[in-house]
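**Q** Mind having a look at this structure? Questions to follow.
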Amino acid sequence: MPLPLPGEYATRILATEVLEHTAQPEAIMEELVRVGRPGARYFITVPDSRSEILQKPFANPVYFTQPNHIQIFDKERFVRLVENSGLKVTRYETWGFYWTFFMSVFWLVHQKGDLQGSVLDSIAPPYHPVLQSWSNTWAGLMELKGAEKVMESFDQYLPKTQLIIARKG
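Dropping the structure here:
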């Protein structure tokens, strides 16, 4: 699992939607910290636990097995993982209500268990008409005056993604 990089090599480390796929997120974080120079900035994302918990009862079971999501991180666990690796969290954010809703509908469309391997490979156009309708509805909502505040509220209460920006001491 070691990255093919020398220690203290990088000033910027990007790990998006990685940690939920591994049985050893602590080991992954240790490796990310190893390759970062002192002062390096880290941009790390994982799915939000609220979105994962919402989908679990009706998602295809393959979504919560290898190579897909085998870890679920709530805010406290995610922050603790990053801090225990030796990094200092400088920012925490969530977003992505659109994708939480999209994936919930996606599972209804794909109830027959026709998914294998990486679920991400199955999320591609042409989309089912209901998914396309959701995308069109969202785009229309975004054009309304004041929509940004409503969308921010949705993102706060039912986000798809958590982000931590951190720094190596």
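Number 156 in our numbering belongs to position 156 of the sequence shown; there are no gaps in the numbering. Idealized CB from N, CA, C, for every residue including glycine.
Cutting at 7 angstroms between CB atoms, please list the residues of its own chain near D48, excluding the five before and the five after it.
**A** Within the same chain, D48 has close Cβ partners T94, P159, K160, T161 and Q162.
**Q** Given a threshold of 16 other Cβ atoms within 10 Å of its Cβ, counted over all protein chains shown, does P125 qualify as buried or as exposed?
**A** By the 10 Å Cβ count, P125 comes out exposed.
**Q** What is the residue span of the alpha helix (DSSP H) that T100 lies within?
**A** F97 to V109 is the extent of the alpha helix (DSSP H) around T100.
**Q** Measuring alpha carbon to alpha carbon, tell me which residue in E76, I164, P2 and D155 is nearest R34.
**A** That would be P2, whose Cα lies nearest to the Cα of R34.
**Q** For the candidate residues E52, E30, W134 and F97, whose alpha-carbon lies nearest to that of G7?
**A** Among E52, E30, W134 and F97, the Cα nearest to that of G7 is on E30.
**Q** Please identify the residue among F78, L54 and W134 whose C-alpha is closest to the C-alpha of E17.
**A** The option with the nearest alpha carbon to E17 is F78.
**Q** If N60 and H110 are in contact, beta carbons under 8 angstroms, what's the gap, nearest whole angstrom?
**A** With a Cβ gap of about 6 angstroms, N60 and H110 count as contacting.
**Q** Can you confirm whether the region 52-66 touches the region 126-140 when touching is taken to mean that 3 or more C-beta pairs between the two stretches lie within less than 8 angstroms?
**A** Flag = no, the region 126-140 and the region 52-66 do not touch.
**Q** What runs of the alpha helix (DSSP H), each 4 residues or longer, lie entirely inside the region 117-147?
**A** The region 117-147 contains these whole alpha helix (DSSP H) runs: 129-142.
**Q** Taking S85 as the reference, which of V105, R91, Y42 and H21 has the closest Cα?
**A** Checked all of V105, R91, Y42 and H21; the closest Cα to S85 is Y42.
**Q** If we call anything under 8 angstroms between Cβ atoms a contact, is P25 one with L19?
**A** Cβ distance < 8 angstroms, so P25 and L19 count as in contact.
**Q** For Q162, name the three-state secondary structure that DSSP assigns.
**A** Of the three classes helix, strand and coil, the one that applies to Q162 here is strand, per DSSP.
**Q** Apply the 10 Å Cβ neighbour rule to S51 and answer buried if 16 or more other Cβ atoms are within range, or exposed otherwise.
**A** The residue in question, S51, is buried, as its Cβ has 16 or more Cβ neighbours within 10 Å.
**Q** Measuring only the C-alpha atoms, how far is S135 from M151?
**A** Going by the C-alpha atoms only, they are around 14 angstroms apart.
**Q** Can you check DSSP and say which residues form a bridge with S73?
**A** Here the sequence assigns Phe to residue 73, which means Ser is not the residue at that position. DSSP lists D48 as partners of F73.
**Q** Would K168 and L87 qualify as a contact pair, given that the criterion is a beta-carbon distance under 8 angstroms?
**A** Cβ atoms of K168 and L87: closer than 8 angstroms.
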